[in-house]
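Novice: Quick mapping for you: the protein sequence lines, in order, are chains A and B.
So the first sequence is numbered by the numbering used here: it starts at 6 and just counts up by one.
So the second sequence is numbered by the numbering used here: it starts at 6 and just counts up by one.
There are 2 protein chains.
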Amino acid sequence: MTANLLETCMKELRLRGFRLTPQRMVVLRVLHEAHGHLTPIEICERAQEMLPGLTEPTVYRTLNFLHEQRLALAAHVGSGQLVYETGERDHHHLVCRKCGATHEIPHDLLEALFSQFQHKTGYQIDGMHVTFFGLCPGCQDHQ
Amino acid sequence: MTANLLETCMKELRLRGFRLTPQRMVVLRVLHEAHGHLTPIEICERAQEMLPGLTEPTVYRTLNFLHEQRLALAAHVGSGQLVYETGERDHHHLVCRKCGATHEIPHDLLEALFSQFQHKTGYQIDGMHVTFFGLCPGCQDHQ
DNA sequence: AATACTATTGCAAGTAGTTACAATAGTATT
DNA sequence: AATACTATTGTAACTACTTGCAATAGTATT
C-alpha cells in the first residue's frame with residue numbers, strides 16, 4: 006500500500022543479494038497498489054503501462070521469484086489459476102466450486118491446525134495461503 | 006480400483022441423466038486403475054492407449070466434468086498444476102515449496118475445522134482436497 | 001569513471017490448457 | 001428397427017504459461 010512497504014521490500018531484496026531491476030520494482034509496485042488478488046495477466050497489463058517494453062515471461066518469472074522470496078502471496082482460486090497479492094493481511098479463502106464466490110478466513114482459525122501439522126510431520130506451513138473449495142449457502146440449495 | 010467401483014460411477018452418471026460415452030468410461034477407468042495422483046497429460050496418454058482417437062480437449066473436459074460430478078478429486082500440487090485421482094481415500098496434502106516433497110494428511114484432522122467453517126460461513130467444504138504449502142524438515146535446515 | 005562479473009532480461013519457440021462451432025453418436029420414443 | 005433430440009465429441013484456433021539461450025544491465029571492484 007504505502008511507499009514505505011515497497012521500499013522495505015526492495016531493501017530486503019538487496020540485503021539478500023538480489024539485483025534491484027526496474028522490472029522487479031514495477032511488479033512490486035503493482036502488487037502493493039492493488040487491493041486484493043490479481044491474476045498474472047492483470048499484473049502484466051498494469052506493469053507494462055508503468056514500464057513499456059516489459060515482457061510477459063519476465064512478469065511470470067518475477068512473480069515466482071517474489072513468491073519464493075516471501076514478498077508475495079500466491080493462492081489458488083478456481084481451477085488451477087494462481088493469483089497474487091502482497092502479504093499484508095494474513096488470510097485464506099473459501100471458494101464456491103459452483104459460482105466462484107469467495108469468502109475470507111482469518112489466519113488464526115488455522116493457527117492451531119498448522120502447529121498440529123508442524124508437531125506431527127515437521128512441516129512448517131507458509132508461503133501460500135490455503136484455499137478451501139466447497140459449496141456456498143446459495144449453491145447448496147440449487148443442487 | 007475394482008471393476009465394481011467403476012460400474013457404480015457409470016451407473017451414477019446415467020442416473021443423473023448424463024450419457025455414457027466411451028471417452029468418459031476410459032477416463033474413469035484410467036483414474037480407477039491408477040494409484041495416487043495423475044496429471045491431465047498422464048491421464049490423456051493412458052486413455053489414448055485404450056481409446057485411440059481420443060483427443061486432448063475431451064480429456065480436459067471430462068476431468069472437469071467428473072470433478073463437478075464428484076466422481077474425481079482434484080488437487081493443487083506445486084505451482085498451479087492440477088492433478089486428479091479417484092475419491093476413494095479421503096486425504097489432503099502437505100507440499101514442500103522448496104523440494105516438492107509431499108506428505109498425506111488424513112481427512113479427520115480437518116473435520117473439526119470444516120464443521121467450524123460450515124457453522125460460521127455456511128460453506129460446505131468438499132470437492133477438492135486441500136493442499137498446504139510449507140517447508141519440509143530437510144529444507145528448513147538449508148534455508 | 002572504467003572494467004569485470006554474472007544475475008536478469010528479452011526473444012523466440014515450446015508446452016499446457018481452453019473455447020467456438022459444426023459433426024457425431026448416445027438415448028428415448030415411436 | 002428407424003427417427004428425432006440434443007449432449008458430447010473432434011477440429012482448429014486461441015490463451016496461458018514456461019524454457020533455452022544470447023544480449024543486457026545491475027553491482028562490486030579497481
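By construction, the Cβ of each residue, glycine as well, lies at the ideal position given by its N, Cα and C atoms.
Model, not experiment: these values are computed from the prediction.
Using a Cβ cut-off of 8 Å, pull out every chain A residue sitting near tyrosine 128/B, in sequence order please.
Specialist: Here residue 128/B refers to the residue found at position 123 of the second sequence. Those are Leu99, Cys101, His108, Phe137, Gly139, Leu140, Cys141, Pro142, listed as they occur along chain A.
Novice: So aspartate 131/B contacts chain A; which residues on that side make the cut at Cβ distance below 9 Å?
Specialist: Locating residue 131/B in the second sequence gives position 126, where the first residue counts as 1. Within chain A, the residues near aspartate 131/B are Arg102, Phe138, Gly139, Leu140.
Novice: Say whether chain A places a C-beta atom closer than 7 Å to the C-beta of glutamine 74/B.
Specialist: In the second sequence, residue 74/B corresponds to position 69, counting from 1. Chain A contact via Cβ: absent.
Novice: Given a cut-off of 7 Å, decide if histidine 108/B and histidine 134/B are closer than it, judged by their beta-carbon atoms.
Specialist: Taking the first residue of the second sequence as 1, we reach residue 134/B at position 129. Taking the first residue of the second sequence as 1, we reach residue 108/B at position 103. No, these two residues do not count as a Cβ contact at 7 Å.
Novice: Out of curiosity, what's the CA-to-CA distance linking histidine 81/B and valine 100/B?
Specialist: Locating residue 81/B in the second sequence gives position 76, where the first residue counts as 1. Locating residue 100/B in the second sequence gives position 95, where the first residue counts as 1. Answer to the nearest angstrom: the Cα atoms are 10 Å apart.
Novice: Hey, is leucine 78/B's beta-carbon within less than 7 Å of any beta-carbon in chain A?
Specialist: Against the second sequence, residue 78/B aligns to sequence position 73. Leucine 78/B does not count as touching chain A.
Novice: Starting from the C-beta of methionine 55/A, find all residues in its chain whose C-beta is less than 6 Å away, skip the five residues before and the five after it, and write them out in chain order.
Specialist: The residue labelled residue 55/A in the question sits at position 50 within the first sequence. Hits under 6 Å: Val31.
Novice: Could you have a look at cysteine 101/B and say whether DSSP puts it in helix, strand or coil?
Specialist: For the purposes of this step, residue 101/B is identified with residue 96 of the second sequence, where counting begins at 1. Cysteine 101/B falls in the strand class under three-state DSSP.
Novice: Output, in sequence order along the chain, the residues in the stretch 17-28 of chain A whose CB is closer than 9 Å to any CB in chain B.
Specialist: Answer in chain order: no residues at all.
Novice: Taking only the alpha-carbon atoms, compute the straight-line gap between alanine 52/B and leucine 68/B and give it to the nearest angstrom.
Specialist: Locating residue 52/B in the second sequence gives position 47, where the first residue counts as 1. Locating residue 68/B in the second sequence gives position 63, where the first residue counts as 1. About 12 Å.
Novice: Could you tell me if proline 57/B is buried or exposed, where buried requires 16 or more neighbouring beta carbons within 10 angstroms of its beta carbon?
Specialist: Position 52 of the second sequence, counted from the start, is the residue given in the question as residue 57/B. It counts as exposed.
Novice: Beta-carbon within less than 6 Å of valine 35/A's beta-carbon, same chain only, minus the 5 sequence neighbours each way: which residues are those?
Specialist: By 1-based counting over the first sequence, the position of residue 35/A is 30. Excluding sequence neighbours, valine 35/A sits near Ile48, Arg51, Ala52.
Novice: How long is the line joining the alpha carbons of threonine 26/B and proline 142/A, rounded to whole angstroms?
Specialist: As a first step, residue 26/B is located in the second sequence; it is residue number 21 there, counting from the start. As a first step, residue 142/A is located in the first sequence; it is residue number 137 there, counting from the start. Spanning the two alpha carbons is a distance of roughly 33 Å.
Novice: Drop a sphere of 10 angstroms on the beta-carbon of proline 45/B, count the other beta-carbons inside from all chains shown, and report buried for 16 or more, exposed for fewer.
Specialist: Locating residue 45/B in the second sequence gives position 40, where the first residue counts as 1. Classification for proline 45/B: buried.
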